[in-house]
């Protein structure tokens with residue numbers, strides 16, 4: 109079975125992933141800055157975005173890819189591949205999954221072999237799911253079984269993100285004015301959990317160190333009840349801080365692989381450049 113994988117630019121895709129998954133296609137998200145349209149990952153890097161965000165007057169919005177963009181790609185891929193798996197950023201964060209699903213429905217009569225999956229996650233954990241699905245295909249699993257097993261793993265996901273910029277969270281519309289004012293005055297840093305694809309406030313801490321200790325508690329709980337083999341440390345532009353976290357985590361948790369991955373520009377629009385968090389799946393799922 110010849111399979112194509114489609115995702116969006118919120119996924120972390122480096123050269124290693126491109127080599128591993130030869131037929132991986134990325135649909136870019138759109139970022140509007142003062143009315144100028146940029147394609148995420150193509151003509152706007154996270155570094156360039158955050159530089160622009162430092163101007164407090166700049167107006168920044170994100171936009172999902174159009175249905176027609178997916179429809180055009182699926183139609184082209186249907187000529188070469190037996191099946192298309194399209195897996196995307198959480199539907200609670202973006203309408204990208206909806207666009208992909210509607211495009212698949214439009215093609216259903218002529219090419220029903222498009223499976224669209226809501227990852228209910230962001231960044232490298234989304235990439236992890238694609239890599240896992242690709243391994244299942246190589247093992248000879250049928251599309252329905254691949255979808256079932258990927259969704260089973262999605263259900264075990266845990267992710268916690270400490271917001272780097274309350275101001276950016278407020279400017280993006282994810283925090284009301286009163287919460288922003290109180291949080292700024294008290295120097296509060298919210299830790300957000302991602303449960304079933306939705307953001308929820310898990311804790312409110314006063315500094316990054318306390319946030320790190322809280323995340324250790326969450327990981328302790330997961331290690332006690334799940335098989336955790338890999339933990340992603342997710343960051344904005346603060347890669348140095350992420351690597352420092354990793355060194356501490358490696359001393360505490362033997363046998364678990366830790367790696368740092370950027371959150372990307374689209375997520376940065378909402379959370380800010382100093383955002384940092386951790387994520388994992390149950391490997392026995």
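Numbering (our numbering), first residue to last: 109 to 393.
Beta carbons: idealized from backbone N, C-alpha and C, even for Gly.
Taking only the alpha-carbon atoms, compute the straight-line gap between residue i and residue j and give it to the nearest angstrom.
i: residue 390; j: residue 346; result: 27 Å
i: residue 214; j: residue 174; result: 13 Å
i: residue 234; j: residue 119; result: 6 Å
i: residue 96; j: residue 160; result: Here the chain has residues from 109 to 393 only, and residue 96 is not among them.
i: residue 185; j: residue 172; result: 21 Å
i: residue 147; j: residue 203; result: 16 Å
i: residue 114; j: residue 192; result: 7 Å
i: residue 200; j: residue 229; result: 9 Å
i: residue 333; j: residue 165; result: 47 Å
i: residue 339; j: residue 297; result: 22 Å
i: residue 355; j: residue 370; result: 17 Å
i: residue 169; j: residue 139; result: 6 Å
i: residue 116; j: residue 343; result: 18 Å
i: residue 198; j: residue 246; result: 25 Å
i: residue 130; j: residue 301; result: 33 Å
i: residue 143; j: residue 377; result: 15 Å
i: residue 244; j: residue 254; result: 6 Å
i: residue 220; j: residue 212; result: 8 Å
i: residue 360; j: residue 320; result: 13 Å
i: residue 252; j: residue 362; result: 36 Å
i: residue 187; j: residue 126; result: 21 Å
i: residue 282; j: residue 111; result: With a pLDDT of 47 at residue 282, under the threshold of 50, the predicted position of this residue should be treated as unreliable, though the coordinate-derived value follows. Distance between the alpha carbons of residue 282 and residue 111: 37 Å.
On the three-state DSSP scale, how would you describe residue i?
i: residue 252; result: helix
i: residue 236; result: helix
i: residue 381; result: coil
i: residue 214; result: helix
i: residue 331; result: helix
i: residue 298; result: strand
i: residue 350; result: helix
i: residue 243; result: helix
i: residue 315; result: coil
i: residue 326; result: helix
i: residue 259; result: helix
i: residue 373; result: helix
i: residue 228; result: coil
i: residue 189; result: coil
i: residue 387; result: strand
i: residue 306; result: strand
i: residue 199; result: coil
i: residue 266; result: strand
i: residue 362; result: coil
i: residue 207; result: helix
i: residue 336; result: coil
i: residue 284; result: Unreliable positioning characterises residue 284 in this predicted model, as indicated by a pLDDT of 43, which lies under 50. The coordinate reading is nonetheless provided below. It is coil, neither helix nor strand.
I need the boundaries of the beta strand (DSSP E) containing residue i, first residue and last residue.
i: residue 132; result: 132 to 135
i: residue 366; result: 365 to 370
i: residue 182; result: It is not in any beta strand (DSSP E) - residue 182 instead sits in the alpha helix (DSSP H) that spans 175 to 186.
i: residue 345; result: First-last for residue 345: undefined, no H or E at that position.
i: residue 145; result: 144 to 147
i: residue 168; result: 168 to 171
i: residue 111; result: 111 to 116
Assuming residue i and residue j form a contact by the criterion Cβ under 8 Å, report the distance between their Cβ atoms to the nearest whole angstrom.
i: residue 271; j: residue 383; result: 6 Å
i: residue 385; j: residue 268; result: 5 Å
i: residue 205; j: residue 190; result: Going by Cβ atoms, the distance from residue 205 to residue 190 rounds to 23 Å, so no, they are not a contact pair.
i: residue 240; j: residue 258; result: 6 Å
i: residue 313; j: residue 322; result: 6 Å
i: residue 330; j: residue 388; result: 6 Å
i: residue 336; j: residue 353; result: Not confirmed; about 16 Å, so no contact.
i: residue 183; j: residue 135; result: So it is not a contact: roughly 14 Å between Cβ atoms.
i: residue 261; j: residue 393; result: 5 Å
i: residue 195; j: residue 238; result: 6 Å
Check whether chain C comes within 9 Å of residue i, counting only Cβ atoms and requiring the distance to be less than that.
i: residue 180; result: Absent here is chain C; the protein component of the structure consists of one chain.
Along the chain, where does the alpha helix (DSSP H) containing residue i start, and where does it finish?
i: residue 126; result: 123 to 128
i: residue 155; result: 154 to 161
Please find out if some non-hydrogen atom of the ligand MN comes closer than 8 Å to the beta-carbon of residue i.
i: residue 186; result: The model depicted lacks the ligand MN and carries no ligand whatsoever.
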